[in-house]
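Participant: Quick note: the sequence shown uses my numbering, first residue 63, plus one each step.
Heads up, the beta-carbon is just placed ideally off N, CA and C, and yes, glycines get one too.
It should be emphasised that the depicted structure is a prediction, and the values quoted were computed from it without experimental measurement.
Quick one: structure below, then a few questions.
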Amino acid sequence: MLQIENLSLKYGDQQILKNVSLTVMPGETACVCGESGCGKSSLLKAVLGFVDADGYIAVCGEVLSPLTVYSIRKNIAYVPQELALPAETVAEMVRMPFELKANKHVPYSYDLLMEEWKWLGLEPGLLNKYTNEISGGQRQRIMLGVSGMLRKPLLLADEPTSALDGDSAHHVLDYFRMLADKRGMAVAVVSHARELVDGCDKVLRL
Numbered sequence: 063m064l065q066i067e068n069l070s071l072k073y074g075d076q077q078i079l080k081n082v083s084l085t086v087m088p089g090e091t092a093c094v095c096g097e098s099g100c101g102k103s104s105l106l107k108a109v110l111g112f113v114d115a116d117g118y119i120a121v122c123g124e125v126l127s128p129l130t131v132y133s134i135r136k137n138i139a140y141v142p143q144e145l146a147l148p149a150e151t152v153a154e155m156v157r158m159p160f161e162l163k164a165n166k167h168v169p170y171s172y173d174l175l176m177e178e179w180k181w182l183g184l185e186p187g188l189l190n191k192y193t194n195e196i197s198g199g200q201r202q203r204i205m206l207g208v209s210g211m212l213r214k215p216l217l218l219a220d221e222p223t224s225a226l227d228g229d230s231a232h233h234v235l236d237y238f239r240m241l242a243d244k245r246g247m248a249v250a251v252v253s254h255a256r257e258l259v260d261g262c263d264k265v266l267r268l
């Protein structure tokens, strides 16, 4: 689960977030929305410990601090809006997260990957593509599928439908609902897409 209480964040003298609170329980989906520049992505970065913020953040009951940040990240699957993995092929790209120390206990499985991709409307043939042959939307969905395979308690996704058409966006919403309903994950997404705003259990407007 994710708990955020009275979170405030500044970049220099600029107040980005002020007294923001959000709780996402296992089996729940939450959408963080708001105008561009209001701090949506910064909120996710604060949860991951990428930026310093004032307030209370806890993941799976563990309070975020300089001493706990690395153990907390082990419980989070994070899909940023811009993915810059140094891979030439999709096959290489999907294996990279499994090589990280935090994910060494999770074996890569082609069959499991294909199960995730079915939910996301992706074809198996994408695995044979070069990364410069796929669209930004395909890249987003590919890595969402990988994040689901990691079986983390918490999924954070930043604008996961920004490069998708309506049908593909509905695939992503269905996938998030499955992760929450069937696997008991807590899912928090940053998005302005109507499908996600309307389809999530909770909405936080910044």
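(1) Report the start-end ranges of each beta strand (DSSP E) in the region 166 to 221 that is 3 residues or longer and not cut off at the edges.
(2) Note down, in chain order, each residue of its chain lying with its Cβ closer than 7 Å to the Cβ of isoleucine 78, except the 5 sequence neighbours on either side.
(3) Considering only the beta carbon of each residue, do leucine 64 and alanine 231 sit closer than 8 Å?
(4) Expressed to the nearest angstrom, what Euclidean distance is found between the alpha-carbon atoms of arginine 267 and alanine 255?
(5) Give the straight-line distance between the Cα atoms of glutamate 97 and valine 265, rounded to the nearest whole angstrom.
(6) What are the partner residues of serine 70, as DSSP defines its beta bridges?
(7) Keeping to the same chain, check which residues put their C-beta closer than 6 Å to that of proline 215; ignore five residues upstream and five downstream.
(8) What did DSSP end up calling leucine 64 once you bin it into helix, strand or coil?
(9) With H, G and I counted as helix, E and B as strand and the rest as coil, what does DSSP make of serine 98?
(10) Tell me which residue opens and which closes the beta strand (DSSP E) that leucine 258 is part of.
(11) Considering only the alpha carbon of each residue, which of Lys244, Ser253, Leu258, Glu257 lies closest to glycine 89?
(12) Cα separation between tyrosine 12 and arginine 135?
(13) Write down every uninterrupted run of the beta strand (DSSP E) in the region 219 to 254 whose length is 3 residues or greater and which is fully enclosed by it, in chain order.
(14) Taking only the alpha-carbon atoms, compute the straight-line gap between lysine 163 and asparagine 81 and give it to the nearest angstrom.
(15) Between which two residues does the beta strand (DSSP E) carrying alanine 139 extend?
(16) Considering only the beta carbon of each residue, do alanine 139 and alanine 250 sit closer than 8 Å?
(17) Quick one, which of Ala149, Ala242, Asp227 has its alpha-carbon nearest glutamate 257's?
(18) Within 10 angstroms of the Cβ of histidine 167, are there 16 or more other Cβ atoms? Answer buried if so, exposed if not.
Facilitator: On the basis of the supplied data:
(1) Counting only runs of 3 or more, we get 216 to 220.
(2) Taken in chain order, the residues that qualify are Leu71, Lys72, Gly101, Ser104.
(3) When the beta-carbon positions are compared, leucine 64 and alanine 231 stay at least 8 Å from each other.
(4) When rounded, the distance between both Cα atoms is 13 Å.
(5) Roughly 14 Å separates the two Cα atoms.
(6) Note: serine 70 sits in a beta bridge opposite Asp116.
(7) Take proline 215, set aside five residues on each side of it, and the residues of its chain with a beta-carbon closer than 6 Å to its own are Cys122, Asn137, in chain order.
(8) Strand.
(9) Residue state, collapsed to three classes: coil.
(10) Run containing leucine 258: none in the beta strand (DSSP E); it sits in the alpha helix (DSSP H), 256 to 261.
(11) Of the candidates Lys244, Ser253, Leu258, Glu257, the one whose C-alpha sits nearest the C-alpha of glycine 89 is Lys244.
(12) Lying before the first or after the last residue shown, residue 12 is absent from the chain, which here runs from 63 to 268.
(13) Every unbroken stretch of the beta strand (DSSP E) spanning 3 or more residues and falling wholly within the region 219 to 254 is given here in chain order: 248 to 252.
(14) Approximately 34 Å, taken between the alpha carbons.
(15) Run containing alanine 139: 138 to 141, per the beta strand (DSSP E) assignment.
(16) Against a cut-off of 8 Å, the Cβ pair of alanine 250 and alanine 139 comes out as no contact.
(17) Of the listed residues, the one whose Cα sits closest to glutamate 257 is Asp227.
(18) It counts as exposed.
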